[in-house]
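Inspection log for the structure reproduced underneath, given as structure tokens.
Chains as they are written, first to last, in this note's numbering: chain Y, 1 to 348; chain W, 349 to 657.
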């Protein structure tokens with residue numbers, strides 16, 4: 001039995017890999033670029049190998065770990081909501097709110113330097129949590145479908161942050177629609193040595209570990225997962241499922257909001273028009289491929305971070321559309337989702 | 349006040365509501381058979397792209413519309429196979445399809461339409477011409493409502509009634525109700541459950557594709573990245589607010605179209621002497637969608653077998 005499962009798992013992983021490479025090859029071929037050379041450029045962007053005079057391997061790793069950090073935070077955000085049975089499509093909006101608030105708090109000058117950075121990150125997380133709280137309340141009280149409401153909150157966050165940016169927080173130096181840079185006391189320092197990746201990376205890995213312990217080693221985590229596995233049964237067992245739905249969405253929003261804050265404090269140092277929020281959607285692929293498990297999500301965040309940078313490098317070098325990464329992720333989500341229910345049927 | 353509210357506002361509202369009505373009715377066809385359709389958004393976006401590209405290549409909006417409907421059908425087929433054959437979670441499949449459509453439409457836009465611009469060719473689409481309504485245009489209110497509208501607008505106004513009749517008066521329509529309300533019972537009564545579901549989902553793809561084609565062939569005259577801008581989800585909210593009823597869903601979709609038109613109008617005109625900021629006005633349709641979902645008047649009863657395999 002055990003051996004049969006392993007064989008099936010290997011087989012499924014192989015088919016998944018074949019689908020990824022099939023899709024990638026097709027999309028590259030359609031751009032008219034040579035396929036071998038394109039894969040070489042992709043790998044150079046993803047992991048800095050084979051060596052490329054244009055892009056140092058350290059830069060490639062910095063970029064991949066940077067994306068992995070954001071993908072892991074949004075992935076954990078989607079994962080914890082899914083563990084409670086809720087689909088959080090709103091990580092993008094929660095990330096924007098977190099980023100905006102972090103840029104605001106990070107720019108306040110009369111705060112004690114020792115608490116400035118933690119306070120900035122915390123407020124960013126809180127802003128994300130607030131943005132997830134309203135859809136969570138509407139779900140629990142009114143039964144409003146969280147997929148639609150969180151998507152609507154993405155658009156609301158987009159316009160609200162833009163309005164606040166232009167009307168209230170624009171950098172007085174210059175005309176560009178961006179905030180002033182956050183102060184040095186609110187910046188996440190780089191890891192040091194040769195790496196430019198910020199300490200946000202380590203913080204995120206620690207959070208993944210904590211989340212795993214909380215979900216799988218505490219009663220609260222157990223009850224949250226029970227809520228997601230079968231809400232009626234959990235209700236019957238006396239678990240306050242409504243409370244867990246709200247807690248899960250608050251944590252989900254906080255993680256995505258922290259993603260925005262980490263991006264502001266560790267990489268961009270300011271909020272600006274068109275702030276990158278598409279990581280919120282990539283987080284869906286991270287969570288689903290990682291089976292909503294924090295440990296597996298670390299791995300899938302790395303793989304998708306590498307894919308993202310590989311295709312971005314391809315975009316820079318050959319001009320191929322960078323949406324290739326989005327398409328591959330969508331194919332992966334469909335495949336993994338089809339697989340999971342098929343497996344449940346085979347074993348059930 | 350009078351410069352804000354006039355017949356022209358309703359004219360714009362009808363135009364803004366048309367893609368929402370088409371998409372909401374598409375969602376209705378799918379959800380009435382028990383298949384949740386979060387993927388409307390993606391089908392609208394792909395329809396918008398296919399409509400624009402088909403019309404660009406041939407110069408004919410009809411070919412564009414045909415392309416959009418076929419592409420919508422194909423994406424719906426993907427959803428139908430995923431949910432019916434592989435028993436994928438309906439919401440996950442829909443979200444994946446939205447992501448696929450977002451990536452693919454932008455990829456194809458950059459591969460197929462942008463290079464044309466670089467070669468100096470226009471990317472402006474030859475869309476549908478406004479209707480020549482003849483003597484109808486002389487009528488007091490109807491004439492003003494029809495002014496400068498393409499045929500898709502009256503089509504979207506009449507479609508809910510046609511669909512209402514089909515769902516209540518034909519064998520197929522009654523089977524759709526049966527499958528949506530209790531698939532197991534329907535199966536024991538000899539209704540081909542899977543075939544009915546396929547028909548509902550595929551029809552939703554065609555209608556969502558049409559909604560997308562409207563955006564590029566009758567509203568804007570070129571494709572832009574992610575131009576569906578959440579319309580698929582607003583249509584879903586209209587469907588829920590309209591209680592999965594063709595006329596209710598269409599009325600709710602018109603409501604959203606009205607506020608969209610009002611929002612556009614207020615961008616250029618002050619209300620009670622106050623000019624509202626554009627960003628806040630742009631939030632209005634999304635905010636209303638949330639409010640509509642939250643404020644359920646009476647009992648919202650979805651088809652009872654919605655989402656079950």
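Ideal Cβ positions, reconstructed from N, Cα and C, are used throughout, including at glycine. Please read all numbers here as calculations on a predicted model, not as lab measurements.
Can you tell me which residues form a DSSP beta bridge with residue 622 (chain W)?
Start at 1 with the first residue of the second chain, and residue 622 (chain W) comes out as number 274. For residue 622 (chain W), which the question treats as bridged, DSSP gives the partners W:619.
Between the stretch 377-393 of chain W and the stretch 439-449 of chain W, do at least 3 Cβ pairs fall closer than 8 Å?
Contact between the stretch 377-393 of chain W and the stretch 439-449 of chain W is present, because at least three Cβ pairs lie under 8 Å.
For the beta strand (DSSP E) containing residue 191 (chain Y), name the first residue and the last one.
Sequence index remark: in the first chain, residue 191 (chain Y) carries index 191 (1-based). 190-192 is the extent of the beta strand (DSSP E) around residue 191 (chain Y).
Is the Cβ of residue 386 (chain W) closer than 8 Å to any Cβ of chain Y?
Within the second chain, residue 386 (chain W) is the residue found at index 38, counting from 1. It does; some Cβ of chain Y falls within 8 Å.
Closer than 7 Å by C-beta to residue 499 (chain W): which residues in its own chain qualify, once you throw out the five before and the five after it? Chain order, please.
Along the second chain, one-based indexing puts residue 499 (chain W) at 151. Answer for residue 499 (chain W): 476 and 479, listed in chain order.
Should the stretch 459-472 of chain W be regarded as contacting the stretch 410-421 of chain W, the criterion being three or more beta carbon pairs within less than 8 Å?
No, the stretch 459-472 of chain W is not in contact with the stretch 410-421 of chain W.
Buried or exposed: which applies to residue 139 (chain Y), given that a residue is buried once 16 or more other Cβ atoms fall within 10 Å of its Cβ?
Within the first chain, the letter at position 139 stands for residue 139 (chain Y). Buried, since its Cβ has 16 or more Cβ neighbours within 10 Å.
Inspect the beta-carbon positions of residue 256 (chain Y) and residue 91 (chain Y) and report whether they are closer than 8 Å.
Translated into positions along the first chain, residue 256 (chain Y) becomes position 256. Translated into positions along the first chain, residue 91 (chain Y) becomes position 91. Yes.
Since residue 381 (chain W) is in the beta strand (DSSP E), which residue starts that stretch and which ends it?
Residue 381 (chain W) sits at position 33 when you count from the first residue of the second chain. Premise fails: residue 381 (chain W) is in no beta strand (DSSP E) and is neither H nor E.
Is it right to say residue 545 (chain W) is buried, meaning 16 or more other beta carbons lie within 10 angstroms of its own, or is it exposed?
Start at 1 with the first residue of the second chain, and residue 545 (chain W) comes out as number 197. Residue 545 (chain W) is buried by the Cβ-count criterion.
Can you have a look at residue 335 (chain Y) and say buried or exposed, based on whether 16 or more other CB atoms are within 10 angstroms of its CB?
Position 335 of the first chain, counting from 1, holds the residue named residue 335 (chain Y). Buried, by the Cβ-count rule.
If you reduce the DSSP assignment to three classes, tell me which class residue 62 (chain Y) lands in.
Within the first chain, numbered from 1, the residue matching residue 62 (chain Y) stands at position 62. Helix, per DSSP.
Beta-carbon of residue 459 (chain W) versus every beta-carbon of chain Y: anything under 8 Å?
On the second chain, position 111 is the one that residue 459 (chain W) refers to. It does: the Cβ of residue 459 (chain W) has a partner Cβ on chain Y nearer than 8 Å.
Mark residue 271 (chain Y) as exposed unless 16 or more other C-beta atoms lie within 10 angstroms of its C-beta, in which case mark it buried.
As a first step, residue 271 (chain Y) is located in the first chain; it is residue number 271 there, counting from the start. Residue 271 (chain Y) comes out buried.
In the DSSP assignment, what residue or residues form a beta bridge with residue 52 (chain Y)?
What you label residue 52 (chain Y) is simply residue 52 of the first chain in a count that begins at 1. Looking at the DSSP assignment, residue 52 (chain Y) forms a beta bridge with Y:55.
Using a 10 Å radius around the Cβ and a threshold of 16 neighbouring Cβ atoms, would you call residue 282 (chain Y) buried or exposed?
As a first step, residue 282 (chain Y) is located in the first chain; it is residue number 282 there, counting from the start. Residue 282 (chain Y) is buried by the Cβ-count criterion.
Using a Cβ distance threshold of 8 Å, determine whether the stretch 139-158 of chain Y contacts the stretch 574-593 of chain W, with at least three qualifying pairs required.
Because the criterion of three Cβ pairs below 8 Å is met, the stretch 139-158 of chain Y and the stretch 574-593 of chain W touch.
Just grab the DSSP bridge partners of residue 365 (chain Y) for me.
The requested residue 365 (chain Y) does not occur in the structure, where chain Y is confined to residues 1 to 348.
Where residue 542 (chain W) and residue 99 (chain Y) are concerned, what is the direct C-alpha to C-alpha distance, given to the nearest angstrom?
The residue given as residue 542 (chain W) occupies position 194 in the second chain. The residue given as residue 99 (chain Y) occupies position 99 in the first chain. Distance between the alpha carbons of residue 542 (chain W) and residue 99 (chain Y): 46 Å.
Check this for me: beta carbons of residue 621 (chain W) and residue 361 (chain W), under 8 Å apart or not?
Counted from its first residue, the second chain places residue 621 (chain W) at position 273. Counted from its first residue, the second chain places residue 361 (chain W) at position 13. Result no, Cβ atoms of residue 621 (chain W) and residue 361 (chain W) do not sit closer than 8 Å.
Do three or more CB pairs link the stretch 167-179 of chain Y to the stretch 608-620 of chain W at distances below 8 Å?
Touching, no, given that fewer than three Cβ pairs across the two stretches are closer than 8 Å.
Could you tell me which chain Y residues have their CB closer than 9 Å to the CB of residue 441 (chain W), listed as they occur along the chain?
Here residue 441 (chain W) is taken as the residue at index 93 of the second chain, counted from 1. The contacting residues are 333, 334, 337 and 338.
Drop a sphere of 10 angstroms on the beta-carbon of residue 330 (chain Y), count the other beta-carbons inside from all chains shown, and report buried for 16 or more, exposed for fewer.
Position 330 of the first chain, counted from the start, is the residue given in the question as residue 330 (chain Y). Burial call: buried.
Taking DSSP's pairing of strands, which residues face residue 195 (chain Y) in a bridge?
Here residue 195 (chain Y) refers to the residue found at position 195 of the first chain. Bridge partners of residue 195 (chain Y): Y:192.
Kindly indicate which three-state DSSP category residue 469 (chain W) falls into: helix, strand or coil?
By one-based count along the second chain, residue 469 (chain W) stands at place 121. Residue 469 (chain W) falls in the coil class under three-state DSSP.
Taking only beta-carbon positions, decide if residue 346 (chain Y) is within less than 8 Å of chain W.
Numbered from 1 along the first chain, position 346 holds the residue referred to as residue 346 (chain Y). Residue placement at residue 346 (chain Y) is poorly supported in this model, since its pLDDT is 44, which falls under 50; the coordinates still yield a value, given next. No, no contact with chain W.
What in chain Y is Cβ-close to residue 628 (chain W), meaning under 9 Å?
For the purposes of this step, residue 628 (chain W) is taken as the residue at position 280 of the second chain. Those within 9 Å of residue 628 (chain W) in chain Y are 159, 160 and 163.
Taking one C-beta from the stretch 547-562 of chain W and one from the stretch 368-376 of chain W each time, how about it: are there three or more such pairs within less than 8 Å?
Yes: the two stretches touch, three or more of their Cβ pairs being nearer than 8 Å.
So with CB distances below 7 Å, who are the chain W contacts of residue 321 (chain Y)?
Looking up residue 321 (chain Y) in the first chain gives position 321. The contacting residues are 454, 455, 458 and 459.
At least one CB of chain Y closer than 8 Å to the CB of residue 634 (chain W): is that the case?
Reading the second chain from its first residue, position 286 is the one you call residue 634 (chain W). Yes, its Cβ sits closer than 8 Å to a Cβ of chain Y.
Using CA coordinates, which residue listed in Y:249, Y:302, Y:201 and Y:75 is at the minimum distance from residue 136 (chain Y)?
Within the first chain, numbered from 1, the residue matching residue 136 (chain Y) stands at position 136. Closest by alpha carbon: Y:249.
Among Y:118, Y:186, Y:81 and Y:222, whose alpha-carbon lies nearest the alpha-carbon of residue 251 (chain Y)?
Taking the first chain and counting its residues from 1, the one referred to as residue 251 (chain Y) is at position 251. For residue 251 (chain Y), the nearest C-alpha among the options comes from Y:81.
Leaving out five residues on either side along the sequence, give the residues of the same chain with a beta carbon under 7 Å from the beta carbon of residue 565 (chain W).
Taking the first residue of the second chain as 1, we reach residue 565 (chain W) at position 217. Hits under 7 Å: 399, 403, 409, 412, 413, 473, 475 and 476.
Give me, in chain order, the residues of the same chain whose beta-carbon lies closer than 7 Å to that of residue 504 (chain W); leave out the 5 immediate sequence neighbours on both sides.
Start at 1 with the first residue of the second chain, and residue 504 (chain W) comes out as number 156. Around residue 504 (chain W): 366, 369 and 370.
Do you know how far the Cα of residue 83 (chain Y) is from the Cα of residue 514 (chain W)?
Within the second chain, numbered from 1, the residue matching residue 514 (chain W) stands at position 166. Within the first chain, numbered from 1, the residue matching residue 83 (chain Y) stands at position 83. Rounded to the nearest angstrom, the two C-alpha atoms are 41 Å apart.
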